Amino acid sequence: MKKKVMAGTLLAAALAVQSAGAVTLEEILKEKGVISEADYKEVVKSKPINYKIGKGFNFTSPDEKFKLALGGRLQTRFSLTDSDNTAKTTPSNKWEVKRMKFWMNGYAYTKDLTYLLQVDFVNGGSSKLLEHAYLNYRLLDEVQVLTGQTKVPFGRQWLNSSGAQQFVDRSAASDAFRPGYDIGVKLHGDIAKGLATYEFGVYGGAGQSTTRATNGDTTANAIAARVTFNPFGKMGTEESDLGNSQKPLLSVGANYYGNVLKKTTTTTLETNGITLAGTSGWLGQGIATFANGEKIDVDTWGIDAAFKWHGFSSQAEYLAGEADGNTSNQKLRAEGFYAQAGYCLIPKTLEAAVRYSYVDPNRSAANDLRTDIQGAISYYFNAHNLKLQGDITDTHDQSKGAADDMIYRLQAQVIF
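Residue numbers (our numbering): 177 to 592.
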């Protein structure tokens, strides 16, 4: 009788925890010793369909040779901008669905052959709906090959998902220097169980869902490389220490990106698919430096570091870019950096953070600096899977005059 009561109590507790989204029933029973490790594996194996918060709905074939997971992410945002200028502009506000993404991933034939397909119904439009689409084959943890469209490996904050940010969105410095998405092939891996990682990729150089013909010009491709060192163990790019790390975690990284572009008109480059060449990118802002029709050699570098321990987290990046015109011999140099830190006031639930960001899109020009001072509060209902975030930004853009803008943002996110 006692055993039945105990089993019933454990089952009720397990169901209660499972309904809260913490863990599965099988995991609770294994932890309490009701079922063995072997029983747990057998039960999980026998479930062809299951759901896990943040990982979506999972479908596994009976022979475990195929797996498909379906999920998505929704971000809704309210923004208010108060411009402190001589015209006394009325504050503007907007409501928007910032991101609405759907993804499917898994493996096929072998667990070493994985795939991902992800679309964004908001930012991509009809021509750039597709974000990620790749196959990855694992020979060893140290040697993996990825081909398709994905993020160019440049910049810690860029490589972190927009759904796992400490603030409502990335810093202005990260947005100014990141290459964005591109199509190509990448060699990457984890060394010594993640004590070091590396990525080296060759890309078309035209950006997201965009291709260009080389016409025999082998320079019409982009290359990117990134390495990280994690002396206390592998550390991911996810911001905030929601796991309340019991031991210090440190990651130091460095990256390079090179490309060759062509200025086609007074205001445009060969392609607008590269983020750094867009209206907010450092190269796009300095396009007037170069002559129409000339090729431009682009090189960008960056170093970064991140630290986590007992709910405290911090990270910083320094980024620099240089563009050289092949015929005009004109040179454009840019630099930027950001530093941020946060602390969980209530472990795994309530976090406060601060950030400073600086961008100089043309080091030879005066009155074009942009600086941001930001503060953020985040409430995590279920880590990054369900959260509410608000931040305040005091942004000073010299190109718009001496006045500052105050930007207030509130964002809700769900990952399912």
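Glycine included, each C-beta is placed from N, C-alpha and C at the ideal position. Because the structure is a prediction, the values reported are computed rather than measured.
Q | Opening and closing residue of the beta strand (DSSP E) in which residue 536 lies | A | 526 to 536 is the span of the beta strand (DSSP E), which, as asked, contains residue 536.
Q: Using three-state DSSP, classify residue 413 as helix, strand or coil.
A: In the three-state reduction of the DSSP assignment, residue 413 falls in the coil class.
Q.
Alpha carbons only, please: which of 281, 580, 527 and 493 is nearest the one belonging to residue 549?
A. Shortest Cα-Cα distance from residue 549 to any of 281, 580, 527 and 493 involves 580.
Q. Given that a residue counts as buried once 16 or more other Cβ atoms are within 10 Å of its Cβ, and exposed if not, what is residue 355?
A. By the C-beta density criterion, residue 355 is buried, having at least 16 other C-beta atoms within 10 angstroms.
Q. Can you find at least 3 beta carbon pairs, one from the stretch 493 to 502 and one from the stretch 461 to 469, that sit closer than 8 angstroms?
A. Cβ pair count under 8 angstroms is three or more, so yes.
Q) To the nearest angstrom, how far is it from the Cα of residue 535 to the Cα of residue 558? A) Rounded to whole angstroms, the separation of the alpha carbons of residue 558 and residue 535 is 34 angstroms.
Q) Where residue 228 and residue 560 are concerned, what is the direct C-alpha to C-alpha distance, given to the nearest angstrom? A) Rounded to the nearest angstrom, the two C-alpha atoms are 14 angstroms apart.
Q) Do the CB positions of residue 283 and residue 243 come within less than 8 angstroms of each other? A) Yes, Cβ-Cβ distance for residue 283 and residue 243 is below 8 angstroms.
Q: Could you tell me whether the Cβ atoms of residue 591 and residue 249 are closer together than 8 angstroms?
A: Yes, they are a contact pair.
Q | Inter-stretch contact at 8 angstroms, needing at least 3 Cβ pairs: the stretch 398 to 414 / the stretch 371 to 388 | A | Yes, the stretch 398 to 414 touches the stretch 371 to 388.
Q) Is residue 427 closer than 8 angstroms to residue 342 when the C-beta atoms are compared? A) If you check the CB distance, residue 342 and residue 427 do not come in under 8 angstroms.
Q: Specify, as a first and last residue, the run of the beta strand (DSSP E) that residue 483 falls within.
A: Counting along the chain, the beta strand (DSSP E) containing residue 483 begins and ends at 471 to 485.
Q: Using three-state DSSP, classify residue 557 as helix, strand or coil.
A: Correct three-state label for residue 557: strand.
Q | According to DSSP, residues forming a beta bridge with residue 361 | A | Per DSSP, 323 and 378.
(Q) As an exercise, report each continuous alpha helix (DSSP H) stretch of at least 4 residues that is fully enclosed by the stretch 239 to 273, in chain order. (A) You should have found no qualifying run.
Q. Pick from 295, 386, 488 and 543: whose alpha carbon is nearest that of residue 524?
A. The shortest Cα separation from residue 524 among 295, 386, 488 and 543 belongs to 488.
Q) Terminal residues of the continuous alpha helix (DSSP H) containing residue 353? A) Run containing residue 353: 348 to 353, per the alpha helix (DSSP H) assignment.
Q: Express the C-alpha separation of residue 527 and residue 586 in angstroms, rounding to a whole number.
A: Taking the Cα positions, residue 586 is about 15 angstroms away from residue 527.
Q.
If I follow the unbroken beta strand (DSSP E) through residue 335, where does it start and stop?
A. Per DSSP, residue 335 lies in no beta strand (DSSP E); the unbroken alpha helix (DSSP H) holding it starts and ends at 332 to 335.
Q.
Please tell me whether residue 374 and residue 328 are closer than 8 angstroms, where the distance is taken between their beta carbons.
A. The beta carbons of residue 374 and residue 328 sit no closer together than 8 angstroms.
Q.
If you follow the alpha helix (DSSP H) that residue 461 is in, where does it begin and where does it stop?
A. 458 to 461 is the span of the alpha helix (DSSP H), which, as asked, contains residue 461.
(Q) Among 322, 449 and 339, whose alpha-carbon lies nearest the alpha-carbon of residue 275? (A) Ranking the options by Cα distance to residue 275, first place goes to 339.
Q: Using three-state DSSP, classify residue 552 as helix, strand or coil.
A: If DSSP states are grouped into helix, strand and coil, residue 552 belongs with the strands.
Q. Is the stretch 509 to 522 touching the stretch 438 to 446 in the sense that three or more CB pairs, one from each, lie closer than 8 angstroms?
A. These segments do not touch.
Q. Across which residues does DSSP place residue 427 in a beta bridge pair?
A. Residue 427 pairs with 482.
Q) Can you name the start and end residues of the beta strand (DSSP E) that residue 518 belongs to? A) Start and end: 507 to 522.
**Q.** Cβ neighbours of residue 280 in the same chain (closer than 7 angstroms, five flanking residues each side left out)
**A.** Within its own chain, the residues whose Cβ lies closer than 7 angstroms to the Cβ of residue 280, once the five positions on either side in sequence are excluded, are 244, 245, 246 and 293, listed in chain order.
Q.
Any beta carbon from chain D within less than 8 angstroms of residue 260's own beta carbon?
A. No chain D appears in the structure shown, which is made up of a single protein chain.
**Q.** Reference residue 332, options 533, 494, 545 and 235, closest by Cα
**A.** The shortest Cα separation from residue 332 among 533, 494, 545 and 235 belongs to 494.
Q: State the DSSP-derived secondary structure class of residue 338, mapped to helix, strand or coil.
A: Collapsing the DSSP output to three states places residue 338 in a helix.
Q.
Closest to residue 357 by C-alpha separation, out of 519, 413, 226 and 433, would be which residue?
A. For residue 357, the closest alpha carbon among the candidates 519, 413, 226 and 433 is that of 433.
(Q) With distance defined between alpha-carbon atoms, name the residue in 231, 223 and 230 nearest to residue 237. (A) With distances taken between Cα atoms, residue 237 lies closest to 223.
Q. Can you list, in chain order, the residues of its chain whose CB lies under 6 angstroms from that of residue 569, leaving out five sequence neighbours each side?
A. These residues qualify, in order along the chain: 548, 550 and 583.
Q | Closer than 7 angstroms: residue 564 CB and nearest the ligand NAP heavy atom | A | Judged by which ligands are present, the structure shown has none, so any question about the ligand NAP falls away.
Q. Going by other Cβ atoms of all chains shown within 10 Å of its Cβ, with 16 needed for buried, is residue 350 buried or exposed?
A. For residue 350, the number of other beta carbons within 10 angstroms of its own is at least 16, and it is reported as buried.
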